[in-house]
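Protein sequence lines, in the order shown, are assigned to chains D and L. Just so you know, full-length UniProt numbering puts 562 at position 562 of the first sequence, and the rest follows in order with no gaps. Just so you know, full-length UniProt numbering puts 164 at position 164 of the second sequence, and the rest follows in order with no gaps.
Protein chains: 2
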Amino acid sequence: MTGVKHMKWWGWGVDGIAFHHEDKPRLAPFVLDKVGLDITTPGRRSLQLEDLTIPPSRLSDQLRATLTKIVGQANVVDDDLDRVVHTKGKSVRDLIRVRRGELGRVPDVIVYPGSHEEVQEIVDACVDADAVLIPFGGGSNIAGSLEVPLEENRQIVSVDLGRLNKVLSIDDEAGLATIQAGALGPDLEEQLGRRGWTLGHFPDSFSHSTLGGWIATRSSGMQSDKYGDIAEITRGLKMAMPGETLELRPLPSTSTGPSVREMVLGSEGRLGVITEATVQVHRLPEVREIQAYFFPSFAAGLKAMHDITRSEANVTVSRVSDERETAFSFATQKKSGGVSKLVTAGLMRVLKARGWDLDQICLSFVGFEGSKGHVARQKGIVKEIISEHGGMNVGTGPGQLYDQKKFDTPYIRDFLLDRGAAADVSETAAPWSKLKPLYDNVIEAAENALAEVDRSGYIMCHLSHSYHAGACLYFTFAIADDSPEVLERYDVVKRAIQQTFIDSGGTLSHHHGVGVEHSPWMEQDLSPAGMKIIGELFAGVDPKQNLNPGKVVHTGRPGVSVLSKQPED
Amino acid sequence: MTGVKHMKWWGWGVDGIAFHHEDKPRLAPFVLDKVGLDITTPGRRSLQLEDLTIPPSRLSDQLRATLTKIVGQANVVDDDLDRVVHTKGKSVRDLIRVRRGELGRVPDVIVYPGSHEEVQEIVDACVDADAVLIPFGGGSNIAGSLEVPLEENRQIVSVDLGRLNKVLSIDDEAGLATIQAGALGPDLEEQLGRRGWTLGHFPDSFSHSTLGGWIATRSSGMQSDKYGDIAEITRGLKMAMPGETLELRPLPSTSTGPSVREMVLGSEGRLGVITEATVQVHRLPEVREIQAYFFPSFAAGLKAMHDITRSEANVTVSRVSDERETAFSFATQKKSGGVSKLVTAGLMRVLKARGWDLDQICLSFVGFEGSKGHVARQKGIVKEIISEHGGMNVGTGPGQLYDQKKFDTPYIRDFLLDRGAAADVSETAAPWSKLKPLYDNVIEAAENALAEVDRSGYIMCHLSHSYHAGACLYFTFAIADDSPEVLERYDVVKRAIQQTFIDSGGTLSHHHGVGVEHSPWMEQDLSPAGMKIIGELFAGVDPKQNLNPGKVVHTGRPGVSVLSKQPED
Numbered sequence: 001m002t003g004v005k006h007m008k009w010w011g012w013g014v015d016g017i018a019f020h021h022e023d024k025p026r027l028a029p030f031v032l033d034k035v036g037l038d039i040t041t042p043g044r045r046s047l048q049l050e051d052l053t054i055p056p057s058r059l060s061d062q063l064r065a066t067l068t069k070i071v072g073q074a075n076v077v078d079d080d081l082d083r084v085v086h087t088k089g090k091s092v093r094d095l096i097r098v099r100r101g102e103l104g105r106v107p108d109v110i111v112y113p114g115s116h117e118e119v120q121e122i123v124d125a126c127v128d129a130d131a132v133l134i135p136f137g138g139g140s141n142i143a144g145s146l147e148v149p150l151e152e153n154r155q156i157v158s159v160d161l162g163r164l165n166k167v168l169s170i171d172d173e174a175g176l177a178t179i180q181a182g183a184l185g186p187d188l189e190e191q192l193g194r195r196g197w198t199l200g201h202f203p204d205s206f207s208h209s210t211l212g213g214w215i216a217t218r219s220s221g222m223q224s225d226k227y228g229d230i231a232e233i234t235r236g237l238k239m240a241m242p243g244e245t246l247e248l249r250p251l252p253s254t255s256t257g258p259s260v261r262e263m264v265l266g267s268e269g270r271l272g273v274i275t276e277a278t279v280q281v282h283r284l285p286e287v288r289e290i291q292a293y294f295f296p297s298f299a300a301g302l303k304a305m306h307d308i309t310r311s312e313a314n315v316t317v318s319r320v321s322d323e324r325e326t327a328f329s330f331a332t333q334k335k336s337g338g339v340s341k342l343v344t345a346g347l348m349r350v351l352k353a354r355g356w357d358l359d360q361i362c363l364s365f366v367g368f369e370g371s372k373g374h375v376a377r378q379k380g381i382v383k384e385i386i387s388e389h390g391g392m393n394v395g396t397g398p399g400q401l402y403d404q405k406k407f408d409t410p411y412i413r414d415f416l417l418d419r420g421a422a423a424d425v426s427e428t429a430a431p432w433s434k435l436k437p438l439y440d441n442v443i444e445a446a447e448n449a450l451a452e453v454d455r456s457g458y459i460m461c462h463l464s465h466s467y468h469a470g471a472c473l474y475f476t477f478a479i480a481d482d483s484p485e486v487l488e489r490y491d492v493v494k495r496a497i498q499q500t501f502i503d504s505g506g507t508l509s510h511h512h513g514v515g516v517e518h519s520p521w522m523e524q525d526l527s528p529a530g531m532k533i534i535g536e537l538f539a540g541v542d543p544k545q546n547l548n549p550g551k552v553v554h555t556g557r558p559g560v561s562v563l564s565k566q567p568e569d
Numbered sequence: 001m002t003g004v005k006h007m008k009w010w011g012w013g014v015d016g017i018a019f020h021h022e023d024k025p026r027l028a029p030f031v032l033d034k035v036g037l038d039i040t041t042p043g044r045r046s047l048q049l050e051d052l053t054i055p056p057s058r059l060s061d062q063l064r065a066t067l068t069k070i071v072g073q074a075n076v077v078d079d080d081l082d083r084v085v086h087t088k089g090k091s092v093r094d095l096i097r098v099r100r101g102e103l104g105r106v107p108d109v110i111v112y113p114g115s116h117e118e119v120q121e122i123v124d125a126c127v128d129a130d131a132v133l134i135p136f137g138g139g140s141n142i143a144g145s146l147e148v149p150l151e152e153n154r155q156i157v158s159v160d161l162g163r164l165n166k167v168l169s170i171d172d173e174a175g176l177a178t179i180q181a182g183a184l185g186p187d188l189e190e191q192l193g194r195r196g197w198t199l200g201h202f203p204d205s206f207s208h209s210t211l212g213g214w215i216a217t218r219s220s221g222m223q224s225d226k227y228g229d230i231a232e233i234t235r236g237l238k239m240a241m242p243g244e245t246l247e248l249r250p251l252p253s254t255s256t257g258p259s260v261r262e263m264v265l266g267s268e269g270r271l272g273v274i275t276e277a278t279v280q281v282h283r284l285p286e287v288r289e290i291q292a293y294f295f296p297s298f299a300a301g302l303k304a305m306h307d308i309t310r311s312e313a314n315v316t317v318s319r320v321s322d323e324r325e326t327a328f329s330f331a332t333q334k335k336s337g338g339v340s341k342l343v344t345a346g347l348m349r350v351l352k353a354r355g356w357d358l359d360q361i362c363l364s365f366v367g368f369e370g371s372k373g374h375v376a377r378q379k380g381i382v383k384e385i386i387s388e389h390g391g392m393n394v395g396t397g398p399g400q401l402y403d404q405k406k407f408d409t410p411y412i413r414d415f416l417l418d419r420g421a422a423a424d425v426s427e428t429a430a431p432w433s434k435l436k437p438l439y440d441n442v443i444e445a446a447e448n449a450l451a452e453v454d455r456s457g458y459i460m461c462h463l464s465h466s467y468h469a470g471a472c473l474y475f476t477f478a479i480a481d482d483s484p485e486v487l488e489r490y491d492v493v494k495r496a497i498q499q500t501f502i503d504s505g506g507t508l509s510h511h512h513g514v515g516v517e518h519s520p521w522m523e524q525d526l527s528p529a530g531m532k533i534i535g536e537l538f539a540g541v542d543p544k545q546n547l548n549p550g551k552v553v554h555t556g557r558p559g560v561s562v563l564s565k566q567p568e569d
C-alpha cells in the first residue's frame, strides 16, 4: 500500500535469495572439520508469521488521528507483518529472537511520511503525546539501534523513511547531490548513475540500507579508502528535531564551533530524524579494477597494507584476510571460477617450494580506479610493496567475484542459524602499531570464551579500511550451539571480543555504530567525561527522551549487554 | 619568570620584526593610488605600557591561595604586562583598542600550569570559586575568542598553556605524536623534525599559535590540501573539564555516536581546557616545491584550481590570488627577487601580445611534495590543466619567496595602523558552484560599505584551500580611517562581508573560528536548531558558564557584533 519494500521479517534480504552449500563442495567438510557442525542437514523451519504472538497495538485513538492527519490513512500501518518487521534490526541476536517469536516490545504503529514537513509534524506529534519515536531506514542495523526498550510503557511510533527515496538535485559543478534519507543504496546509485555520478559508498548492507541510516550510524563502505567514510561524504543535512528543523547547508569545510554535522552523524535517532543530506558524488571512473594477492602470513599482509597506505599510491580498496578467513574463502568457492581456480595443486606446489606454509596463506584485495595511466602507476607502486612483503599477485578473477558477491555475505547467518550455529561480526579500528597485538589478543580471547562456554566455534578477520594512522579490523565469528542458551553463550564471546578491542587500544566499533549492543563499552572508549558530553547533548535536545531512547548511552551495568541475561557476579 | 614568551602587547609578533615600506619601492605609490593614503609618513607612536590605565586585579585572596597551591607562586602572575598581553587576541579590533588603551575588562590573574593535572585542578578551582576561566595559547586569535566579557563581574583567570610545550611521545609505527597543547608551531616542528617528522600544519599564525589553539578554533594550514585541516590531523585528545578529564584515545576512525572529538574541535574553551593531543605526523618529503603561475583572470584561476582538485594530481597547496591581491603582491616585492623578477617589461609585453589584460593578471601557487617521480607526474598533470585555462608557469622563484615570507603577513596590520588604516581578514568556504558569484558579491558589498561610510579602502582575495566540494576564499580588506570612529566604520565593512558570505551560500569562517566576532552569523549559518544543539551542549557541560563565556554562541542582537557600537535602527 505504501509501496515500501522490506527485508524478510525473519532474516536477511529478500525472498528467493539464500545461501546454499550444495554448490560449494569444500564448505561442508570445512565446517565439519573446524566446528564439528554438519551443515548438510536440511535447515530447520523457523516460525511462520501466524505462529507469532504479537502484542496488541497500544496506539491511542488520539495519536492515530493526529498521525493520520499528517501522512494520510494509507501511510499509518499497524498490521502484523509491518509491526514485526519494524521491531528489530538484523543482528544475529535480532534474528534469533524473532525466529523464536521473542518479539519483546513491538512498535505500536508504523508511519510512512512523504516529505520532510510530514516528518517534522510527526516528531512534534510524538513529543506532544510523549510517545517514543524510532526512525527506520532499511532495517539492516546490527548494533541494536532499532531496539524497542523492553521496559518502555509509552506508545512506540516507528517512522519508516522508505517513501523518501529520491535524489532531489545534483550540483554538477560542485559534485554534490541532495538525496532523501530513505533512499536505499541501489536506488540512489541508480538515480545518480543515470546522470553519470556515483556516491561511491558500498557497505556490506548496501542493498538494504539507506543514506539516512548510514549517516545516523557513521557507516563506511568498501571503497571508503578513496571516497571517504560517510562522515566525510556528508556535507549538508536536514533533520527534524523537536519543534524545529536543523538545516546545515552544504559546505566543503567550516570552523563554526563544535561540529553540529558531526553530532548528527552517529546520533542514531536521538537528536531527531534525518530527512535529507547533501553528499559528495563522483564521476564514474574510466577504469575500475580489483587485484588479488596472496601473502605468506597475516602479519606480512598487514604490513603491506600499511605500506600501501603511506605510499604515493591512492587505492580504493585495501583489504587482507587472515589465514582463517582465507581458508573460509577457499572453502566457499564454487566448483569453478574465483579463488578456486587458484587453489590448484600446481600453484600450491609452487608456494610450498618457495617455503610458504600453505595453512598461513592470506588473501588480499587492492582496488584501483581512475584513468588507465593512473591505475597503471598505482599498480606499479603496489606491486613493489606486495613483493617486498613476500606477496604474490593472483590476478583479477577473485576480485571480480568478490565484487559481485560482496553484498550476499549477510545471508550466510540465516543459513547457519537454520543449522545450529550463530554467526555475527565485530569490527574495530586501532593505530597501526597496535593492530597485530590487538588481532592476536582478540583471537585468543574469543577462543578462550568459546572454551569457557564449552562450545566449538570459529573466528576470522580481515583488514577492511586503511587510514594514515591505523586501520579497521573486521572479525566474523560463529558459535555452534543449537540450544536455548545460544544467545547467552554468544554474548560471552561477543563480550570477550569487545572488551579486548578496548583493552588493546581499539575502538568498540569502526562503522557499525553503538545502539544497545556496544553501548556498555562507550565509557571505556570515550572516558566517563566523553559520555557526560554525549549525555548532556541528548538530554538538552530531547529532555523527555522521546527520540529512540536507550541507544548510544548505556543505562545498565558497565560491560554487560542489556540484551541478554546478565552473567553471574 | 615563567619562561613563557609572548607577542608584543600592542601588536603582532616579536620586537625587532616589523613591516617596512622602504625596501618595497612600488608599495607607497600603490597605496596612494588605491586608497589615497601616504604610507611614507613616519608611523605614529602608540601608547607606552606605563600610559595605560589598568584596572586593579579583583582576584580574591582565597582563589589566589588556591591557584598558588596548585602551580606555585612563580606561576601565578598579575603584573601589568602579563595582564595586558592576556586581555585580547590580535584582531585589528584588538590592536586598535589596546593601542588606544581601551583595555576593557582585564584578566585578574594569569596562571601557568606545568601539567595536565594542574590544569584540571585549576578548572575545578575556578568552577568552585565561580570564576571565569579563559584558556590562552599563543594569543593570536582574531575572532575575539579571548575577549573578556565587559559585563563580567566575576574573577577572570587566564590560563596560559605556554609551559606545556613538549612533544611527549611519537608512535613511529603509526605516525602519531602526542604533544602538549601549549606548544607553538616552531617549537613542535623543531621537536618533531629532530626525529624526522613533520605535522605539516602551517597557518599564517604558525610562529605564534599553539596546537591547543589550532584545535580549539578548527585551524587550517597552508598545506592542508595534503595533510588535512587540524580536525583530521587530531586523532586523540585530553581536556580538563569541570570535575573530570576527557580522554579520547588516538583512533584512525570510529563510530561511537556523535563525535566527541568533533565537539572539542572548535569549542574555544567552552567545554574545558585542551591539554594535549595525539596528532598525525608525516615523514619529511624527498622533494618539496612550490610552482608559481599567472592566469589571465581570477575566474580562470578558480576553474584551474577546481580542475586540479578533481584531477589525479594530489597537490599540497592550491592557491590563486585575484587581480587585486596580485597587484598588491607585485607592489610589495623588494627591488630584486621574487615576483618582481617576473614583472619585467619583457614579460608584460609577451602577455600583452597574447591578448592579456595586464590589470587582470592573477598569481597562483601550487605545491608539490613527495618522491622526484611523484612530483614530476603531479606537475605534468597540473601543467596541462593550467594551460587549458590559459595560465602560464613562471617558475619556483615567487613560490620560494612566498614560502619564506608567509608567516610575516600579519605584521603589515601594525604598519598600517601606524599610518591611519585598519586592515584585517575574513575567510569563508563554499561549494565550487557558488564560489565566483560569492566572490563578486563580496567585492561589491565591501565597496558599497566603504562608500556608505565614505572612506576609501581596498579588498583583495585568494583561494587558499581546495576540497572535493568547494574551496576557501580568503579576503583581506583595509579601510583608510585615522579617526576615532574607525572601528565603527570597519564594522560596517566587516558586517557587509560576513553577511554576504552567508547570503551567497558560504560559511561565516573557514578556519578562524567564531569567538564573539563571528557569533552573530552562527544562527544563519547553522540554522536556529543548530545553535540550540550547541547551546545545550555548552549549558550541559558548563551550567554556570565559567568556561570562556560568550564565545561561539551570540548573546546580543542578531547580525550585530557585540564588540562595537550598535548601528542605528
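Cβ atoms here follow ideal geometry from the backbone N, Cα and C, with glycine treated the same way. As the structure is a prediction and not an experimental result, all values here were calculated from the model.
Interface flag, residue i vs chain D, CB-CB below 9 Å
| i | result |
| --- | --- |
| L/S426 | no |
| L/Q499 | no |
| L/E444 | no |
| L/V562 | Residue placement at L/V562 is flagged as unreliable, the pLDDT there being 45, under the threshold of 50; the coordinate-derived value follows with that caveat. Closer than 9 Å: no. |
Reduced DSSP category for residue i - H, G, I as helix; E, B as strand; rest coil
| i | result |
| --- | --- |
| L/D130 | coil |
| L/K238 | strand |
| L/I361 | coil |
| D/R58 | coil |
| L/W197 | strand |
| D/D171 | strand |
| L/P549 | coil |
| L/A304 | helix |
Cutoff 9 Å: residue i Cβ touching any chain L Cβ
| i | result |
| --- | --- |
| D/H21 | no |
| D/K532 | yes |
| D/D229 | yes |
| D/P250 | yes |
| residue 576 of chain D | Residue 576 of chain D falls outside the range modelled here, since chain D spans only 1 to 569, and no answer is possible. |
Presumed contact (8 Å Cβ cut-off) between residue i and residue j, rounded CB distance
| i | j | result |
| --- | --- | --- |
| D/G182 | D/R195 | That pair is no contact at about 20 Å. |
| D/A446 | D/V493 | 6 Å |
Where residue i falls, given that 16 or more other Cβ within 10 Å makes a residue buried
| i | result |
| --- | --- |
| D/R83 | buried |
| D/L81 | exposed |
| D/E276 | buried |
Cα-Cα separation between residue i and residue j, rounded to whole angstroms
| i | j | result |
| --- | --- | --- |
| D/F407 | D/G530 | 35 Å |
| L/V486 | L/V425 | 16 Å |
| D/V382 | D/D357 | 23 Å |
| D/D78 | D/D108 | 7 Å |
| L/L52 | L/M7 | 18 Å |
| L/T316 | L/V366 | 7 Å |
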